[in-house]
Each structure stands twice: as structure tokens, then as C-alpha cells.
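As numbered in mature numbering (1 follows the signal peptide of the UniProt record, and there is no 0), residues -20 to -1, 1 to 234 make up the sequence shown, in order. Beta carbons: idealized from backbone N, C-alpha and C, even for Gly. Okay, so here's the structure we're looking at.
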Amino acid sequence: MKKQFLILACGFFIIKMSVAQTNSFPPTGNVGVGTLSPGAALTIYNSTPVLQIFDHEINPQDGSSMGKLAFGRGAEFASIDITRYQGSFDDVTGMIFRTSWATGAGGDGANLERMRIQFNGNVGIGTSNPTERLSVNGKIRAKEIRVEASPWPDYVFGPEHILPCLQDLEKFIQTNRRLPEIPSAADVLRDGVALGEISALLLKKIEEMTLYMIAKDKQLTAAATENGQLKRRLEQLEARVEALSVNTPVCPKD
């Protein structure tokens, strides 16, 4: 019996050593999983790299759950929360990124949400309900922002484009307090501004204004030419009148 137990124990030991031979716990304190030479506090190596952190239920009624990967200590830590919803949102997942700062440094020490990635790929920074691919509740500074807009208003200079008459444009401005096609202040306050669309609209108005100026310049040039002709005719008439007054004999008075 003892011999059988010894053989069984040796078998378990051999199996354990064969399974754990790629795991390492060196005296440096580093831990290696799947590697014998961990270069960090925890090094995980696998031909198909997968790190599974089993989650806990946040709503036992429908099976919704959340996993958390946290960095720091105490109440001041940063974390990545990965949620999986069930019930009416079956198999819907998302990611939440949180940060904290020490109360002594001017913060409240809470683990506050900073960024969220929704199940549909929408990303929110400063907002928990992003409705676009990127929703930012705050200011953005960038060296350059490139926006694709179509159609671009080159058509304004085409023969098919008809400029509204200035009288109609004046009436529209007096009634609406804005240019045609340009969103109102209330619309912008409610919906914001689409950079590509508003850039195209503003360029369209600039191009139309350029056409108005070209037309007015032609009118002014034509008026100046006509005024020059009238001035020369007037000078000719004045010269004739003066010549007539000189050559006309004066009759003596009785």
C-alpha cells in the first residue's frame, strides 16, 4: 500500500513539474508564466496571448458582470473596468477607464471615470454616453484637424448656379437674422456644428460674395465709362456754347 502511494505521489510530482516547467518564481521577485526569464514583476508568455481575469457579478438578477484591472494602492488608483451586460443587452460589452488622485493633492480621492469605449465602438472622454465615434466633453488642442467634406462648393462658379438677388437676400437677413443655409444660434446651441459642413457653407458664401463683388465692379466700371463719355460730351457742348456767345454780334440798343 505504501509502495502504491509512493508511486502515485511521484506521478503527481512529475506531472506538476512537467506542467510548471515554463513557470518561474526567481528570487528577484519577478513572476513568469510561460517563461523562465521574467523581465518584469509579472511576465506572461503564450503562443496565443490571453490574460483572463474572471469577473464578479454587478447585477445577479440578469447575470451582468464586470472585471477590473487596477494600478495603485488604497483609494488612489487607476483602473480599467470591463463590463459585460446580459438581459436586454445580451452579450454587450464595454470598457471604462478610471483615475484618481490623492486628496492631499487637491483631489477628492475618488476613482473617477475619464474615458469609456462603448460596445458599438463609440468613445467618450468626459462623457458616459458617447453618441459619435468620438465624443469629448471639454476642450481639444491639436496641431491640425483634417476634415473630409463633400460636395465642395466649386459649383458656385459654374454656369448652373444662380445667385439670389440682393433684395431677396436682404429680406431674408432682416427676417431671420442670419444668412440662408447657415444654422441659427439656437441650432448650434442644441446640435453643435459639423466642421466639414460649416466650412463648406462658409466657403460657399465667400464665393457668392466674390461673384457679387465682381458683378458690382463691372457695374461700377461701366458707370465710370459712361460718366466719362457724358463728361466729354458736356465739355464739347460747353465749348460750343462759348464759341457761339463770342461769335454772335451784339445788336445796339435804341
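Reducing DSSP to helix, strand and coil, say where residue i ends up.
{"i": "LEU159", "result": "coil"}
{"i": "SER45", "result": "strand"}
{"i": "GLY19", "result": "coil"}
Between which two residues does the beta strand (DSSP E) containing residue i stretch?
{"i": "VAL11", "result": "11 to 13"}
{"i": "LEU92", "result": "92 to 97"}
Per the DSSP calculation, residue i is bridged to which residue(s)?
{"i": "SER4", "result": "GLY12"}
{"i": "LEU175", "result": "Per DSSP, none; premise fails for LEU175."}
{"i": "ALA50", "result": "SER59"}
{"i": "VAL103", "result": "ILE97 and LEU114"}
My guess is that residue i and residue j are in contact by the Cβ rule of under 8 angstroms, so how many angstroms apart are they, rounded?
{"i": "THR111", "j": "ASN102", "result": "7 angstroms"}
{"i": "SER108", "j": "ARG78", "result": "Rounded, the Cβ-Cβ distance is 11 angstroms, inconsistent with contact."}
{"i": "PHE152", "j": "PRO160", "result": "6 angstroms"}
{"i": "PHE99", "j": "GLY74", "result": "5 angstroms"}
{"i": "PRO133", "j": "GLU187", "result": "6 angstroms"}
{"i": "THR23", "j": "ASN3", "result": "About 10 angstroms separates the two Cβ atoms, so there is no contact after all."}
Could you pull the start and end residues of the alpha helix (DSSP H) that residue i belongs to?
{"i": "VAL168", "result": "165 to 171"}
Could you check if residue i belongs to the surroundings of the ligand NAP, using beta carbon to heavy atom distance under 6 angstroms?
{"i": "ALA204", "result": "For the ligand NAP, the structure offers nothing, since it holds no ligand at all."}
Using beta carbons (cut-off 7 angstroms, strictly below), is residue i in contact with chain B?
{"i": "LEU16", "result": "The displayed structure is made up of one protein chain only, and chain B is not part of it."}
Length-filtered (3 minimum) beta strand (DSSP E) runs lying within the segment 106 to 157: 114 to 116
Continuous beta strand (DSSP E) assignments of at least 3 residues falling wholly in the segment 173 to 228: none
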